[in-house]
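Enquirer: Residue numbers (the numbering used here): 0 to 190.
We put the beta carbon where it would ideally sit given N, CA and C, even for glycine.
(1) Closest to residue 100 by CA distance: which of 110, 106, 87, 108 is it?
(2) Over the uninterrupted alpha helix (DSSP H) stretch that includes residue 23, give me the two end residues.
(3) Can you tell me whether residue 225 is helix, strand or coil according to DSSP?
(4) What are the complete beta strand (DSSP E) segments, minimum 3 residues, inside the region 139-178?
(5) Is it a yes or a no for the region 53-73 touching the region 8-16, going by three-plus beta-carbon pairs under 8 Å?
(6) Keeping to the same chain, check which residues put their C-beta closer than 6 Å to that of residue 224; ignore five residues upstream and five downstream.
(7) Could you tell me whether the region 123-131 touches the region 37-51, where touching means 3 or more Cβ pairs closer than 8 Å?
(8) Mind checking which residues open and close the alpha helix (DSSP H) that includes residue 82?
(9) I'd like the list of long-range same chain contacts for residue 27, defined as Cβ closer than 7 Å, with 5 residues on each side in sequence excluded.
(10) What do you reckon, are the CB atoms on residue 10 and residue 148 nearer than 8 Å?
(11) Quick check: residue 46 and residue 154, are their CB atoms within less than 8 Å of each other?
(12) Exposed or buried, residue 8, counting other C-beta atoms within 10 Å across all chains shown (16 or more means buried)?
(13) Closest by CA to residue 145, which one among 115, 130, 173?
(14) With C-beta atoms as the reference, is residue 73 less than 8 Å away from residue 127?
(15) Is it buried or exposed, residue 119, if we count other Cβ atoms within 10 angstroms and call 16 or more buried?
(16) Could you pull out every residue in the same chain whose Cβ sits closer than 6 Å to the Cβ of residue 23, ignoring the five residues on either side in sequence?
(17) Look at residue 77 and residue 129 and say whether their C-beta atoms are less than 8 Å apart.
(18) Count the other CB atoms, across all protein chains shown, that sit within 10 Å of the CB of residue 137; report buried if there are 16 or more and exposed otherwise.
(19) Express the C-alpha separation of residue 19 and residue 95 in angstroms, rounding to a whole number.
(20) Could you check where the alpha helix (DSSP H) with residue 54 kicks off and where it finishes?
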């Protein structure tokens, strides 16, 4: 029988999707209150990949990512997904924006070898985490680049997103080195 080991810490990020740019600051503030300081912020990306959210969220949609300074255990992702659902519900109830759902929050994490997203929806490629939350490996990091999978969302395939995810990954590796004093586990195998 193999030896059980504690999971290495990962870098939490949240993707935000909204038609209202002012909603990003409100969501970021709520998340930072619960999850700690934000350390990286992406540019704003036009989200022209689907009409799925249009009636509920408005148009045109914009995507924005933040990552958090505090590293988390991978098992914390389900709790973060529940938290983001609560933030979404509060923002909708506030009535500040003229749509039913002013913000969509998608938490995930980056490990040296992968990007994992959370979801409330089950599917063949998703693994149950806890309390109605599923996890999915959305991208792999191999030979210095992000690799898409059959189910990777169209926007998560774009070079602009990959550039930001690489910045998050680099920050993760820097944080792991500063804690351990040496190269993080998995670094050589994943580069």
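Expert: In terms of the structure at hand:
(1) 87
(2) 20-34
(3) Here the chain comprises residues numbered 0 to 190, so residue 225 is not present and cannot be evaluated.
(4) Counting whole runs of 3 or more residues, the region 139-178 contains the beta strand (DSSP E) stretches 144-147.
(5) yes
(6) Coverage of the chain is limited to positions 0 through 190, which leaves residue 224 absent and any answer about it impossible.
(7) no
(8) 76-93
(9) 37, 65
(10) no
(11) yes
(12) buried
(13) 115
(14) Not a contact, by the Cβ cut-off of 8 Å.
(15) exposed
(16) Excluding positions up to five away in sequence, the list reads 15, 63.
(17) Between residue 77 and residue 129, the C-beta gap is smaller than 8 Å, which places the two residues in contact.
(18) Flag for residue 137 reads buried.
(19) 10 Å
(20) 53-56
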